[in-house]
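Here the structure is laid out as structure tokens; the discussion comes afterwards.
2 protein chains.
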Amino acid sequence: MNACIISVGDELLSGSVVNSNSLYLANQLRDFGISLKKILTVGDNEKDIIESLESCKKSSNIVFITGGLGATHDDVTKNAVAKYFNSQLLFHEDIIRKIRAVFEKRSQKMPDVNKVLAYIPDNAVILPNTLGTAQGMRFEKDETIFYVMPGVPAEMKQMFGNVVLQELNKISNKKIRTKIIHTALAPESEIYSKLENWIKKQSKIKISILPRLPEVDVSLTTDSVDGSKLLQNAANEVKVLLGNAVYAYDSETLEQVIGKILSENHKTIAVAESCTGGMIANRLTNVSGSSQYFKMGIVTYCNESKSAILGVKENALKKYGAVSKETALEMAEGVRKISGCDIGLSSTGIAGPLGGSELKPVGTIFIGLSLYGFSETYHKVFTGNRETNKLLFSQYALNQLRLVLHCR
Amino acid sequence: MNACIISVGDELLSGSVVNSNSLYLANQLRDFGISLKKILTVGDNEKDIIESLESCKKSSNIVFITGGLGATHDDVTKNAVAKYFNSQLLFHEDIIRKIRAVFEKRSQKMPDVNKVLAYIPDNAVILPNTLGTAQGMRFEKDETIFYVMPGVPAEMKQMFGNVVLQELNKISNKKIRTKIIHTALAPESEIYSKLENWIKKQSKIKISILPRLPEVDVSLTTDSVDGSKLLQNAANEVKVLLGNAVYAYDSETLEQVIGKILSENHKTIAVAESCTGGMIANRLTNVSGSSQYFKMGIVTYCNESKSAILGVKENALKKYGAVSKETALEMAEGVRKISGCDIGLSSTGIAGPLGGSELKPVGTIFIGLSLYGFSETYHKVFTGNRETNKLLFSQYALNQLRLVLHCR
Chain A
172 MNACIISVGD ELLSGSVVNS NSLYLANQLR DFGISLKKIL TVGDNEKDII
222 ESLESCKKSS NIVFITGGLG ATHDDVTKNA VAKYFNSQLL FHEDIIRKIR
272 AVFEKRSQKM PDVNKVLAYI PDNAVILPNT LGTAQGMRFE KDETIFYVMP
322 GVPAEMKQMF GNVVLQELNK ISNKKIRTKI IHTALAPESE IYSKLENWIK
372 KQSKIKISIL PRLPEVDVSL TTDSVDGSKL LQNAANEVKV LLGNAVYAYD
422 SETLEQVIGK ILSENHKTIA VAESCTGGMI ANRLTNVSGS SQYFKMGIVT
472 YCNESKSAIL GVKENALKKY GAVSKETALE MAEGVRKISG CDIGLSSTGI
522 AGPLGGSELK PVGTIFIGLS LYGFSETYHK VFTGNRETNK LLFSQYALNQ
572 LRLVLHCR
Chain B
172 MNACIISVGD ELLSGSVVNS NSLYLANQLR DFGISLKKIL TVGDNEKDII
222 ESLESCKKSS NIVFITGGLG ATHDDVTKNA VAKYFNSQLL FHEDIIRKIR
272 AVFEKRSQKM PDVNKVLAYI PDNAVILPNT LGTAQGMRFE KDETIFYVMP
322 GVPAEMKQMF GNVVLQELNK ISNKKIRTKI IHTALAPESE IYSKLENWIK
372 KQSKIKISIL PRLPEVDVSL TTDSVDGSKL LQNAANEVKV LLGNAVYAYD
422 SETLEQVIGK ILSENHKTIA VAESCTGGMI ANRLTNVSGS SQYFKMGIVT
472 YCNESKSAIL GVKENALKKY GAVSKETALE MAEGVRKISG CDIGLSSTGI
522 AGPLGGSELK PVGTIFIGLS LYGFSETYHK VFTGNRETNK LLFSQYALNQ
572 LRLVLHCR
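Protein chains in written order, with this note's numbering: chain A, 172 to 579; chain B, 172 to 579.
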């Protein structure tokens, strides 16, 4: 079963708004095993909407249209679908009463312009909008189903959950299963080289390799009846081929994996950051319940605070510089000591664009790790811009922590 | 002059990846006064790509295709365009040499699979990729220009800036000017109410109000010949109507605005974070040169570290709780003292989903601010999920800091 999404709205072509409705719908469709063929994003323009409807009908069983259902002059979606489905617009007294009530609740008089919202195509099934004033509509044409929904994300999601979900449950007879394998710090072509021969042998599973900064995902999809087992076996085989690069599956994040290991082993962690500027702490604390194991983060953005708070020896700073494995290690040990935690993790490097040298170019990172009976430093050079480097640095630090925790 | 964008990639239909390339291109096109007709998002599928090319050629002078140029089995864009333009693929010795050099720089052996990247359609102009290994291509057919570019955002942007920009400069004869006005912590409907009458009076400027978490932007667009002056006057009028809610224009961020004030006044800052978990420090250090004024960040995720490191009195913690204005203030004063900075900024609250109570629900935030001869706390309740709350908390903290700095 195939679907298309038509997103309507000038703002979606302006470059300033993310098309979050199509992201949401794509996610929902994947779970129903409905294959999303394409997303068409067009402006508030009757002709473009009608052309999109025609083009989508050819290739799909279900078409979702969102946006352009409001009461102002630039909302033309309803007129476009009315033309496309040869509808007459009928005035609904009950709808205008409900809209008036919404305004009264806010102690406002309903502006007359809203009357247009009570005109609905006669051959549409109305999808009630429980959060806003623009009603949704359902049409059928030549065995394709069309859901027309508002562009306001909260209203669209509510309508989808209230009505569309149940209908999809009935018509989707196939269950597509997906397994996502997350890998850290291995380049896409390396992942592919290691999987190439294996991929060629798979007949029932579709494999995609998806770079998604700061990582590469391997996605496995199948519509086999024994899909669940197939995917599990395949994921195990991929794990063997890729080894330690695999850190998690499906919706699990790197920071959640780390949190799980720390919780299970009743270990606590503190971080001392320089070039990552708080990003490592921020990522670790994105996990609900992280206060159980994450106790303290320190961002030392000057030498004085590295010495005063973390106890990094001035000798190390002078002799090797703030960006060095020696300083990284002292930072990790320092934060471990003052926090009383089991683990200290540190970062020091050059995010750029300024501050690089020939010996230590922009993108240079040193990671320090100090834990019960073990300390180590790690060094790498990345080539992104400031924000990308910070992200890759934090990924590198968290991944090294994961690798060490896994082996202990 | 019209354009279309074709975004290629299964991941873009999976619901897990934002189509950031089309956002970027849409922004660029707007600046050139090139009207973007539609964005087509399709999977890694030859037939769908070819159909999209045909459909876009009909309606546009320029077509941008991004994604699917990599070396793995699911990258089919090059084969699709080669079919569409009846090309022969030619092997380029110089390209494979360059790719090999990229891997050598990273001390890696080039996997053989990358050889496919050196085959280029014979009727394409090569657009060099200075950051990665997949080359871009330029085609012409029946007076429509096609730019085929990699899907990796950094590579695409670099290629666009190096080659496409100059070409668009030559062919675009209209200059559309845009001014973006950034506002902090005022709801969309409040912004609209304050601007409603003013918007009605504008004939030469198009105004859009764009909610964009954690803020609301007001976008002004014009194609008038005196656009630059028009927009400046309009922006001044909006500033008068919205007052202090306006914090910056165009590409400037809240953390850059703060950085500018701090630099100009030779003031330094340190932050003590609880519920924001490092996000405030992370945002402040996203600004290049921030080490000049940002000296230290401390993330205290347990009461012990609030007392031990920041010197928050156990009395305050016991009597009022860790989430209280008293604790917020002691944190701000504590971090200011130990860092020796001019300003201490703190956050303590409940990001959720757990930890809320009737008196202090999830979303509760207290901000503490301590600076030369001034200290204050701020309190608010937000209603997002954990990550949204952290973002809104950090926005609230930085915005309060901005407001105070502006008045002093």
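Using N, Cα and C, we set each Cβ at its ideal position, and we do this for glycine too.
Where residue i falls, given that 16 or more other Cβ within 10 Å makes a residue buried
i	result
E426 of chain A	buried
Y543 of chain A	exposed
C578 of chain A	exposed
I291 of chain A	buried
K400 of chain A	exposed
Q306 of chain B	buried
Residues bridged to residue i [DSSP beta-bridge criterion]
i	result
H353 of chain A	A:D388 and A:A419
Y590 of chain A	An answer regarding residue 590 of chain A cannot be provided, because it is not within the stretch 172 to 579 covered by chain A.
C175 of chain A	A:K209 and A:V234
L542 of chain B	B:I514 and B:F545
E444 of chain B	B:V470 and B:S518
I380 of chain B	B:V389
R201 of chain A	Answer is none; R201 of chain A lacks a bridge partner.
I266 of chain B	DSSP lists no partner for I266 of chain B.
R348 of chain A	A:T393
F564 of chain B	None; F564 of chain B has no bridge partner.
heavy atom of the ligand ADP below 6 angstroms from residue i C-beta
i	result
V252 of chain A	As far as ligands go, the structure on display features none, and thus does not contain the ligand ADP.
Through-space distance from residue j to residue i, alpha-carbon basis
i	j	result
T554 of chain A	K229 of chain A	45 angstroms
L207 of chain A	V319 of chain B	23 angstroms
A325 of chain B	L500 of chain B	42 angstroms
H353 of chain B	A419 of chain B	5 angstroms
Y464 of chain A	V213 of chain B	43 angstroms
T471 of chain A	A487 of chain A	15 angstroms
H263 of chain A	A251 of chain A	19 angstroms
I380 of chain A	G239 of chain B	11 angstroms
S364 of chain A	I177 of chain B	28 angstroms
R591 of chain A	R573 of chain A	Given a span of 172 to 579 for chain A in the structure shown, any question on residue 591 of chain A remains unanswerable.
A443 of chain A	A197 of chain B	40 angstroms
G539 of chain A	K489 of chain B	35 angstroms
I210 of chain B	A441 of chain B	44 angstroms
E311 of chain A	N294 of chain A	9 angstroms
I376 of chain A	T315 of chain A	28 angstroms
A568 of chain A	D421 of chain A	22 angstroms
Test: residue i CB closer than 7 angstroms to a CB of chain A
i	result
T456 of chain B	yes
G468 of chain B	yes
G527 of chain B	no
G582 of chain B	The first residue shown for chain B is 172 and the last is 579, placing residue 582 of chain B beyond what the model contains.
L260 of chain B	no
L412 of chain B	no
L381 of chain B	yes
D394 of chain B	no
D421 of chain B	no
D181 of chain B	yes
Cutoff 7 angstroms: residue i Cβ touching any chain B Cβ
i	result
E386 of chain A	no
I236 of chain A	no
L402 of chain A	no
S518 of chain A	no
A452 of chain A	yes
I440 of chain A	no
Chain D contact for residue i (CB, 7 angstroms cutoff)
i	result
E275 of chain A	As a matter of chain content, chain D is missing from the structure shown, whose protein chains are A and B.
| message | So if I threshold CB-CB distances at 8 angstroms, which residues from the segment 282 to 294 of chain B count as touching chain A? | response | P282, D283, V284 and N285
| Using a beta-carbon distance cut-off of less than 8 angstroms, what residues from the segment 183 to 201 of chain A approach chain B? | L183, L184, S185, G186, S187, V188, V189, N190, S193, L194, Y195, L196, A197, N198, Q199, L200 and R201
| Using a beta-carbon distance cut-off of less than 7 angstroms, what residues from the segment 352 to 378 of chain A approach chain B? | E359, S360, E361, Y363, S364, E367 and I370
| field | Short-range partners of chain A found in the segment 216 to 248 of chain B, where Cβ spacing is below 8 angstroms | value | D219, S223, S226, G241, A242, T243, H244 and D245
| request: Could you please tell me which residues of the segment 205 to 216 of chain A, in chain order, have their CB closer than 9 angstroms to any CB of chain B? | output: S206, L207, K208, K209, I210, L211, T212, V213, G214 and N216
| field | Within 8 angstroms of chain A by C-beta, residues of the segment 460 to 484 of chain B in sequence order | value | G460, S461, S462, F465, K466, M467, G468, I469, V470, T471, Y472, C473, E475, S476, A479 and I480
| said: By the 8 angstroms beta-carbon criterion, what residues does the segment 558 to 575 of chain B contribute toward chain A? | reply: E558 and K561
| Using Cβ-Cβ distances below 7 angstroms, what residues of the segment 521 to 552 of chain B are close to chain A? | P524 and L525
| When Cβ atoms are compared, which residues of the segment 295 to 327 of chain B fall closer than 9 angstroms to chain A? | L302, T304, G322, V323, P324 and A325
| task | Using a Cβ-Cβ cut-off of less than 9 angstroms, give me the residues of the segment 503 to 515 of chain B that come near chain A, in sequence order. | result | I509, S510 and G511
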